Amino acid sequence: MKIQEMYDLEHTLAKPYLEQFTYPWQALKGIKDFILALGPTLPKEYKEVSPQVWVHETATVAPTAFLGAPCIIGANTEVRHCAFIRSSALVGNDCVVGNSVELKNVILFDHVQTPHYNYVGDSVLGYKAHMGAGAVTSNVKGDKKNVVVHGERDYETGRKKFGAMLGDFAEIGCNSVLNPGTIIGRNSQVYPLSSVRGVVKARHIVKGARGAFAKD
Numbered sequence: 130m131k132i133q134e135m136y137d138l139e140h141t142l143a144k145p146y147l148e149q150f151t152y153p154w155q156a157l158k159g160i161k162d163f164i165l166a167l168g169p170t171l172p173k174e175y176k177e178v179s180p181q182v183w184v185h186e187t188a189t190v191a192p193t194a195f196l197g198a199p200c201i202i203g204a205n206t207e208v209r210h211c212a213f214i215r216s217s218a219l220v221g222n223d224c225v226v227g228n229s230v231e232l233k234n235v236i237l238f239d240h241v242q243t244p245h246y247n248y249v250g251d252s253v254l255g256y257k258a259h260m261g262a263g264a265v266t267s268n269v270k271g272d273k274k275n276v277v278v279h280g281e282r283d284y285e286t287g288r289k290k291f292g293a294m295l296g297d298f299a300e301i302g303c304n305s306v307l308n309p310g311t312i313i314g315r316n317s318q319v320y321p322l323s324s325v326r327g328v329v330k331a332r333h334i335v336k337g338a339r340g341a342f343a344k345d
């Protein structure tokens, strides 16, 4: 669950920010402030297309997409029709933010794909993580209490809003729900129509509502 175990920080502009923390959810509180500080320091290839919205000149943004401040869109990234980047989103290079996708308070590493009807809120998605069509992060518990990560022990996060942390190369199947506080390890796979909570270790597969087993 530690940042150094889940992510190759060479694949995100957030490297100096994430290096400050042990667990990835600790970074959620300050994403907005980090983007606001980083934006004015970006290379000239990033254009401030509206106040506190920086888009790389090689990115493609559909005219129907909404880019809420603050946000950063990386090189060669595609933001498709009716995407809704609500606010506080750092989107890396070569990403896809697809039709009707909503992002809020997130870090997307390079080569992340959220291509169809995804909601990703209060989450960090690692290098080459992919969310299938309709897969979402649920970021608030039904009882509105603080989110607890259930791993080898319980980790109190102190946060009411916390979606999911996806390690590098994580694969989330279509129409799956990642419940508040879900951690998906590197190279792990969630099958379609799964409901996942707690910690899925690296190189594991989750099928259905519960069953996880080692992939290798």
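Counted the way the working numbering counts, the sequence shown spans residues 130 to 345. Every residue, glycine too, gets a C-beta built ideally from N, C-alpha and C. Note that the coordinates shown come from a computational prediction; the quantities given were computed from them, not determined experimentally.
Going by beta-carbon coordinates alone, are Asp297 and Lys257 separated by less than 8 Å?
The answer is yes: Cβ separation under 8 Å.
If you draw a straight line from the C-alpha of Gly327 to the C-alpha of Gly310, how long is it?
The alpha-carbon atoms of Gly327 and Gly310 are separated by roughly 6 Å.
Below 8 Å between beta carbons: does that hold for Gly227 and Gly203?
No, they are not a contact pair.
If you draw a straight line from the alpha carbon of Ser267 to that of Leu138, how long is it in whole angstroms?
If I take the Cα positions, the gap works out to 25 Å.
Could you tell me whether the region 306 to 326 touches the region 262 to 281, using the rule of 3 or more Cβ pairs below 8 Å?
Judged by Cβ distances under 8 Å, the region 306 to 326 makes contact with the region 262 to 281, as three or more pairs qualify.
Would you call the region 180 to 197 and the region 211 to 225 touching, i.e. three or more CB-CB distances under 8 Å?
At 8 Å Cβ cutoff, the stretches touch.
Within a Cβ cutoff of 6 Å, which residues of the same chain sit near Ala341, ignoring the five residues on either side of it in sequence?
Any reading at Ala341 needs caution, since the residue's pLDDT is 48, under 50, leaving its predicted position unreliable; the model's value is listed next. The residues are Val329, His333, Val335.
Report the three-state DSSP secondary structure of Asp192 (helix, strand or coil).
Note that residue 192 is Pro in the sequence shown here, rather than Asp. Residue state, collapsed to three classes: coil.
Rounded to a whole number of angstroms, what is the C-alpha to C-alpha distance between Thr286 and Val277?
Their Cα atoms are separated by approximately 6 Å.
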